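Protein chains in written order, with my numbering: chain A, 90 to 463; chain B, 313 to 728. Just so you know, even glycine gets a beta-carbon here, dropped at the ideal spot from N, CA and C. Source: prediction; values computed, not measured.
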Amino acid sequence: MRWRRHTNQIIGFLVLLPSMALVGVFVYSFIGRTLYASLTDWGQDPAQALALNPITRFIGLDNYRQLFTGVIDARFRQDLVSTVFFTAFFLAGCLLVGLLLAILIDHKPRGEGFFRGVFLFPFALSFVVTGTIWRWLLQPGGGVNQLPTMVGLPAGSFAWLTSKQQVWRFDWNALPAMLAWAAALSLAALALSALRSRRRGRAAAAAAGAVLAAGWALLAGPAAAPLPFPELHGFNLAFVGIVVAAVWQMAGYTMALYLAGLSGVPEEIREAAVVEGASEWQLYTRVILPLLAPITLSAMIVLGHISLKIFDLVFAMAGPDNAYTDVPALLMYITTFRGNQFAKGAAIGVILLLLVAVIVVPYLRSQLKEGVHE
Amino acid sequence: MRLRGAFVVSAVVAAILAAPSARAQEKLEIFSWWAGDEGPALQALIDKYSALYPNIQAINSTVTGGSGVNARAVLKTRMLGGDPPDSFQVHAGQELIATWVVAGRMEDLSGLFKSEGWTAKFPPGLISLLSTKSGTWSVPVNIHRSNVMWYVPARLREWGVSPPKTWDEFLATCETLKGKGVKSPLALGENWTQNHLWESVALGVLGPDDWSALWSGKLKFTDPKVVKAWETFGKVLACSNPDASGLSWQQAVDRMLKGDAAFNVMGDWAAGYMATTLKLVPGEGFGYAPSPSTSGVFMMLSDSFGLPKGAKHREAALKWLKLLGSKEGQDIFNPLKGSIAARLDSDLGKYNAYLQSAAKDWKSNKIVGSLVHGAVAPEAFGSQFGTVMEIYLAGKNAKAAASAAQAIADQVRLGR
């Protein structure tokens, strides 16, 4: 019987081999090559940038240092800040709207199937189509701004995509201290929860880390300024329109995820809650939402990596040259294919990959672990 | 059975379609971004080429997208992948030289310029923009002018002002017009048109010699003269409409034509838009003058074609270049495109009134190259100039913008 198991393994391996080879070459070796390119000076010397066999020098992390602390790469830093804000609002918008729609449809209104289709439909469009439609709707002189005139109110005056307003501004130099405070706070929270579940050792370690981070933020934080002058970044209001369009497109998808989750909540549990005297509000907040937590998590992962990589929607809505709606993926394209700064473009690509990995890898690991338990 | 019939039909159709290409001995692939309004002009040239050389099949590979933003990205991946087109469109000057010539990817065409006698047919200022010490690199097809100010003559008479000759006069006229209820006397459009305005202001403030010195690296961006150009630009900007970044260049021209604004600074493709699309008569429906402080200077940009090393059909490409540089080729293309010929001996009878006046200036004026349209600055600089503009607009700080521009110039080794 043993030889049989053996052949099974060999066949399994042979079946997997082609896709392993293809993924190995076309995904991982290209990631490796991009990583290497980002550590060179490819593009700094125009004579080598587009030569048939470019001669490049290894310069270590210099491209990354420039991106985070160089004078002329302020645009990259603003893009990074914009992406964080965009991701936060996009996630919140999709989850809220999606959940609301799912609950509405879960009440089985008349024409349930019709509305389900209507809400899901935007998800079937490409981002380029969505972007083009919303660009028209959000013209300062037309579309959305004209809506109030239909009920006799004055037309809106917000400039949407062409707005140059920025709110919640902060100095880039304050960022190290801010990050340290954030680390201190989350470690403190960790310590508290460990204390509650009576894991003394873990609580002590987390508390020590929190004190250390807070101390660093207080003492060394102000001195750790990456730039020689203050540089303000913040949330560009031009992104409001892009968030609206992106939520319009992806809320239906979130709704579909939640609907699947809602249909998985056993009827007995709902009945039991109602028998116990729970109100509708309590039923959702105390019973159903906690049961939907895994759905919320996977929706956040899927939406989060979409928003970090977003390119086509912004390209179609505002074009690549509108600095107020710029995102790192667009800047990577412009830096590489217009500016011929291949190494710096690769560095932006690697930073994007790391950001997405921070979101996706822990999720994949937890999913794999669950798979093993089953 | 029906399915089989369809197969037979499609096989026959395919055979018919394939027949000419099977007969043609040679091919020529022309890579450009000319589509839409500019498509017919290119097609006329290709038709002429096919008539001259019937046994060469000309393939028109167009990648659409204004001023070649997409085409250039496609071209780069093709060149890096070792698959160059036989001849490709590129803005004459540094857009070609600093990207492709320094990388050793182009063939020197100075032999072709000599054998065709072009060195005497094109103005020397143009040839020096096309050349480096080691050769001449592309054949210019057309010429556009960047430093033009547009207005409506009847409106100016109504307001009682005349087209300003200098930027100081412009600022005074701006105040007069504001007093007469014209809120924003200068119509301005989206980001790149602001850069376009900057180059007219900077050329006016610096003059042609210092402008050229800026791009050869002899004059620093941090020099007080250049800082003054930013300061003047700031004052000019105060005369423009606040909603500029939402308008295309055509919409900005429309503002000027409707009388919401008095002036617009734009390249002379605007004349094509007003004369051909809007059917206005040059000189009556719209008027034109060199942008303030730049009379006697022609800031040019030009589309040109070069010959990449390793082109698969080199002989066919050389014939194409010969047609492009010929008097006949230039006079077929330019009246349709709405530009003037780069040659000095073109047949002016084929051109409209504006183009005739531009051709006259082309022959007599001092020639300098445009920044925004790729003539004097490498792509790496041009693509980052937008960042400099953002820095200026954010704080209206001329010195900060000047030092950022110098930092980028150092990074891309401008003038070296």
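Any C-beta of chain A under 8 Å from that of residue i
i	result
B:Thr544	no
B:Ala411	Residue identity check: residue 411 of chain B is Thr in the sequence provided, not Ala. With 8 Å as the cut-off, B:Thr411 counts as an interface residue toward chain A.
B:Val375	no
B:Lys570	no
B:Glu487	no
B:Asp555	yes
B:Ala356	no
B:Gln642	no
B:Glu702	yes
B:Leu392	yes
B:Gln723	yes
B:Gly558	yes
B:Val414	yes
B:Thr699	yes
B:Arg384	yes
B:Gly708	First, the residue type needs correcting, since residue 708 of chain B is Lys and not Gly in the sequence shown. No, B:Lys708 does not count as interfacial toward chain A.
B:Arg417	yes
Presumed contact (8 Å Cβ cut-off) between residue i and residue j, rounded CB distance
i	j	result
B:Val460	B:Leu509	That pair is no contact at about 12 Å.
A:Val354	A:Ala367	Incorrect: roughly 14 Å between the Cβ atoms, too far for contact.
A:Tyr373	A:Ile192	7 Å
B:Phe453	B:Phe645	Sequence check: residue 453 of chain B is Val here, not Phe. Confirmed, Cβ separation roughly 6 Å.
B:Arg626	A:Leu141	Rounded, the Cβ-Cβ distance is 17 Å, inconsistent with contact.
Own chain, CB closer than 7 Å to residue i, minus 5 neighbours either side, in chain order
i	result
A:Ala280	Ala292, Ala295, Ala296, Ala299
A:Glu201	Ile194
A:Asn152	Ser127, Ala432, Lys433, Ala436
A:Gly393	Thr176, Leu180, Ile448
B:Ser603	Asn459, Val460, Met461, Ser512, Gly516, Val577
A:Ala418	Lys398, Ile399, Phe400, Leu441
A:Thr145	Thr129, Asp130, Trp131, Gln137
Cut-off 6 Å between Cβ atoms - residues of its own chain near residue i, not counting five sequence neighbours on either side
i	result
A:Leu346	Ile384, Ala388
B:Met586	Leu592, Phe598
B:Leu531	Asp522, Ala525
B:Trp412	Met418
B:Arg384	none
Proximity test, Cβ basis, 8 Å: residue i and chain B
i	result
A:Gln235	no
A:Thr251	yes
A:Gln254	no
A:Ala334	no
A:Pro383	no
A:Leu226	no
A:Pro451	no
A:Leu141	yes
A:Pro229	yes
Local conformation of residue i per DSSP, three classes
i	result
B:Gln506	helix
B:Thr444	strand
B:Met578	coil
B:Trp346	coil
A:Gly408	coil
A:Glu369	helix
A:Phe324	strand
A:Tyr347	helix
B:Pro476	coil
B:Tyr463	strand
A:Ala303	helix
B:Tyr663	coil
Check: residue i C-beta below 7 Å from any heavy atom of the ligand GTP
i	result
A:Thr385	In the structure shown, the ligand GTP is absent, as is every other ligand, since no ligand is present at all.
8 Å Cβ shell around residue i - same chain, five flanking residues per side excluded
i	result
A:Gly232	Trp225, Leu226
B:Asn382	Trp345, Val375, Thr376
B:Gly558	Glu502
B:Gln668	Leu660
With 7 Å as the limit, tell me which residues of the region 406-433 of chain A have their beta carbon closer than that to any beta carbon of chain B; keep them in chain order.
-> Asp410, Asn411, Ala412, Ile423, Phe426, Arg427, Gly428, Asn429, Gln430
In chain order, what residues of the region 432-449 of chain A put their CB closer than 9 Å to some CB of chain B?
-> none
Contact set between the region 161-182 of chain A and chain B, restricted to residues whose Cβ is under 8 Å from the partner | Ile161, Ala163, Arg164
Given a limit of 8 Å on CB to CB distance, which residues of the region 111-139 of chain A reach chain B?
-> Gly132, Gln133, Asp134, Pro135, Ala136, Gln137, Ala138, Leu139
Short-range partners of chain C found in the region 238-249 of chain A, where Cβ spacing is below 8 Å = No chain C is part of this structure, whose protein chains are labelled A and B.
Check each residue of the region 674-695 of chain B: if its Cβ is closer than 9 Å to any Cβ of chain A, include it; give the result in chain order.
-> Pro690, Glu691, Ala692, Phe693, Gly694, Ser695
Could you list the residues in the region 315-330 of chain A with a C-beta less than 7 Å from some C-beta on chain B, going in chain order?
-> none
Name the residues in the region 478-512 of chain B whose C-beta lies less than 9 Å from a C-beta of chain A; which are they?
-> Glu502, Asn503, Trp504
Positions along the region 601-630 of chain B whose CB lies within less than 8 Å of some CB in chain A | none
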